[in-house]
Structure formats: C-alpha cells, structure tokens
Amino acid sequence: MKQAKLGWNFWLQWVLAYVLGSVVGSSIGKPLGEAISSQMSPGLGGPLGAAIAGACVGLALGFAEALVLGPYLKSITPWVVGTAIGSTVGTVLGGLLDKTVQSQLHLSDLLSSILGFMVVGLCIGVAQWWVAKEQFKEFSWWIVAVVVGLAFGPLVNLIALSTLSFVGPAVAFFVRPLVSGAVTGAILIGLLNPEEKAL
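For any residue, its number in my numbering is found by taking its place in the sequence shown, counting from 1, and adding 629.
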C-alpha cells in the first residue's frame, strides 16, 4: 500500500518525541549514572556510569522515536534495542574521546565536546541503520543525519550558557534535543517520502 507523503505533521511528532525521549532518559540516566560512578573507582565507575546513563537515554529515546516510526517499521523492538545499544556504546566511547582529546591534544572544550557528541551520534546512527536498513532504501544517510544532529549539542550549550546566565543549563537541557530532533526529523522525511524512497 502506498504511503502518504510525510510533511510538517510527521516532523513535529518526531521533534516532540525526540525531546521527550531525551529529557526523560537524561533525567533518569544522568543522576543514576553519577550515583553509581561515585561509589566506584574512577577507572571503572566513570565508564560504567556513562554506560548506564547512555542506556537510559537510548531506551527512552528509542521508544519515543519508535512510537512515531511505528507505521514504517516491521517491529519497534529492534529499533528500541538498537538505539539503546548504540547510545550505551556511544556514550562510553564519546566520553573517553572527549577526555582524551582534551588531555592529549589540548583542544578546546567545545571542539572536544563536539567530537564526543559526534561519536555518540555515529554509534546510534549505525545501530539504527543496521536494524532498519532492510526496510528503507539508502538508509545509510541516516547515520550522517544523527551525527550532524548531535554535533549541534555543544554549540547549543555554549550559546545558552553565554547568553542566558544561570538559566542557561535548564534552557540547553530542552533546546539541545529540540535542535537535534529538528535536524534528524527533516532528513528522515527526505528518506521516507515515497517519491524518493520505497519501503
């Protein structure tokens, strides 16, 4: 059956789902990961805390995205699981890269943070591409979309913190996933529209 062309309605649903998934996952994952990390040695606690935080974000984000993508997926379970795995691995590797780049290459916090977020995006994008590549043609472009979408995160943080003073962190907490969701949603529409891509 031919799918209707996707537009603003789908994009708004995607952005809302992305924001809600990210906010809920981060609200649970960050304090949980920090609590576990603080009870262990830095060498083990840091990566384990990051993995737990990444898993929470991935599960919440994957589920929220799957609610919007449901009609286009054979099953939402692989998407949720893939997103959780990608987010877990990406958060650990991205955090390690961020710290390594700062200590070894002496790059700015902004550049090292962007690289870290790009690694997270790469891992999530690859995982989501892997579980959905048989259903969507040329879905490899989705990897690029997620990498680019998450790369905006540190820029949003910098702008919010430098212009909004003490409310900056709270604003960035919501605006960061809003920007990432807007970018990935726009590219997703291009990948799913039936005129260009057949399921």
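Glycine residues also receive a C-beta, built at the ideal position from the N, C-alpha and C atoms.
Use the C-beta contact count for residue i: other C-beta atoms within 10 angstroms, 16 or more gives buried, fewer gives exposed.
i: A679; result: buried
i: M747; result: buried
i: S667; result: exposed
i: S769; result: exposed
i: T717; result: buried
Considering only residues of the same chain and omitting the five flanking positions on each side of residue i, which have a CB-CB separation below 7 Å?
i: V830; result: Limits of the chain in this structure are 630 at one end and 828 at the other, which puts residue 830 out of reach.
i: L635; result: I818, L821 and N822
i: G797; result: A789 and L790
i: L726; result: L744, G745 and V748
Looking only at its own chain, which residues have a Cβ that is under 6 Å from the Cβ of residue i, when we skip the five neighbours before and after it?
i: G814; result: W640, W643 and V644
i: G723; result: G745, V748 and V749
i: G699; result: I705
i: E694; result: A646
Give the single residue among the options whose Cα lies nearest to the Cα of residue i.
i: L702; options: K634, A780, G797 and F765; result: F765
i: I657; options: L673, A761, L677 and A684; result: A684
i: A763; options: V648, V785 and S704; result: This sequence places Glu at residue 763; Ala is not what is there. The shortest Cα separation from E763 among V648, V785 and S704 belongs to S704.
i: R805; options: W637, N638 and V648; result: V648
i: L784; options: W759, G810 and S742; result: S742
i: D738; options: V697, L787, L807 and V653; result: L787
i: G691; options: P707, F802 and L725; result: P707
i: V697; options: V686, G650, I681 and V718; result: G650
i: G687; options: A799, W759, W770 and C752; result: C752
i: I681; options: Q757, P660 and G672; result: P660
Whose C-beta lies closer than 8 Å to the C-beta of residue i among residues of the same chain, with five residues either side of it excluded?
i: V812; result: A774, V777, G778 and F781
i: F802; result: V652 and S655
Tell me, please, whether the CB atom of residue i is closer than 9 Å to any CB atom in chain B?
i: V653; result: No chain B is present in this structure, which holds just one protein chain.
query: Does the segment 691–711 come close enough to the segment 733–748 to have 3 or more Cβ pairs within less than 8 Å?
result: no
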